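All remarks here apply to the structure that follows.
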Amino acid sequence: MTSAIDDPEEIARRLGPPLDPSSDFDLSPEVTPPEDAPLRPAAVLIALVPGQRGGLDVVLTKRSSALRHHPGQIAFPGGKIDAGDADAVAAALREAREEVGLPAGRARILGLMAPHRTVTGFSVTPVVAHVPERFELRPEAGEVEEAFTVPLAHVADPARYSIQSRRWRGRMRSYYTVPWGPYYIWGATARILRALAERLAR
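Numbered by UniProt numbering, the letters in the sequence shown go through residues 1 to 202 in order.
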């Protein structure tokens, strides 16, 4: 019997219209983001592929340790929206092709989530897509150290999340974490996954 979160049509239905935006500052009301800093538009792809153990998996990446920003962190395929991108969907698909080798035309868009504000000044639109067949993950040399998948059932369970804190610009900032095996998923990636879990629980 297929679970609701393993059914792309049900996932699309539960995504529905975008809810309120999320933010890296959600759990730290005492830490306020700069009001005058313009947010740069970006998009990420939450690609759902057939799971290795059944169900669906989510494609994630481990950023190269040589990168200047967020080295070694777990992220979705994605990046800033370029002038040549028609919209957030086009940017997310382009980045997924470049970063993990998603073949063109293989992803079916299920819906968009509300933008997420990061501490680094981006407004990130998560694009949820279903890829009916698993494909060979090919990490982009220089930017992506590793590409891997995590069961959707794991990150769709709110009980899997914990809240931790660390010092940021002189103050303690709290954030979600949702570890999987050797991967420490936290920050914006975990917050976006937590928002997805909230949507799927509706």
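Just so it is clear, CB atoms sit at the ideal spot from N, CA and C, and this is done for glycine as well.
Nothing here was measured: the structure is a model prediction, and the numbers come from that model.
Best match in the options for proximity to residue i [C-alpha to C-alpha]
| i | options | result |
| --- | --- | --- |
| D7 | A42, L93, P50, R40 | P50 |
| F148 | R166, H130, P182, A129 | P182 |
| S23 | S123, Q52, L110, G16 | S123 |
| G133 | E9, R40, D20, D57 | As written in the sequence, residue 133 is Glu, which differs from the Gly given in the question. Cα-wise, what sits closest to E133 is D57. |
| E136 | R167, D157, Q164, A96 | A96 |
| residue 236 | E10, L48, L39, L196 | Outside the modelled stretch of the chain, which goes from 1 to 202, sits residue 236, for which no answer is possible. |
Inter-residue Cα distance where the pair is residue i and residue j
| i | j | result |
| --- | --- | --- |
| R194 | A42 | 19 Å |
| A75 | V44 | 9 Å |
| W186 | Y176 | 6 Å |
| R160 | P179 | 8 Å |
| H154 | G54 | 12 Å |
| R63 | A37 | 25 Å |
| G16 | G142 | 36 Å |
| V144 | E98 | 10 Å |
| D85 | P158 | 34 Å |
| G101 | P139 | 7 Å |
| R13 | R166 | 36 Å |
| R199 | A83 | 30 Å |
| T2 | A104 | Bear in mind that a pLDDT of 48 at T2, under 50, signals an unreliable position, so the number given afterwards is only what the model happens to contain. Answer to the nearest angstrom: the Cα atoms are 28 Å apart. |
| G111 | L93 | 13 Å |
| M172 | L27 | 10 Å |
| D87 | K80 | 11 Å |
Residues of its chain near residue i, where Cβ-Cβ distance is below 6 Å and the 5 sequence neighbours each way are ignored
| i | result |
| --- | --- |
| P126 | V44, I46, M113, I192 |
| V119 | D24 |
| P21 | A114, P115 |
| A156 | I5, A197, L200 |
| L19 | A114 |
Which of helix, strand or coil DSSP assigns to residue i
| i | result |
| --- | --- |
| I185 | coil |
Residues near residue i by beta carbon distance below 8 Å, same chain, minus five either side
| i | result |
| --- | --- |
| T189 | L60, Q73, I74, A75, F76 |
| R106 | V131, P132, E133, F135 |
Within-8 Å CB hit, residue i to chain D
| i | result |
| --- | --- |
| P103 | In the structure shown, chain D does not exist; there is a single protein chain. |
Cutoff 7 Å; reference residue i; Cβ partners in own chain excluding five residues on either side
| i | result |
| --- | --- |
| S162 | T177 |
Subject >> Whole runs of the alpha helix (DSSP H) within the UniProt domain "Nudix hydrolase" (38-176), excluding any shorter than 4 residues >> reply: 88-100, 152-155
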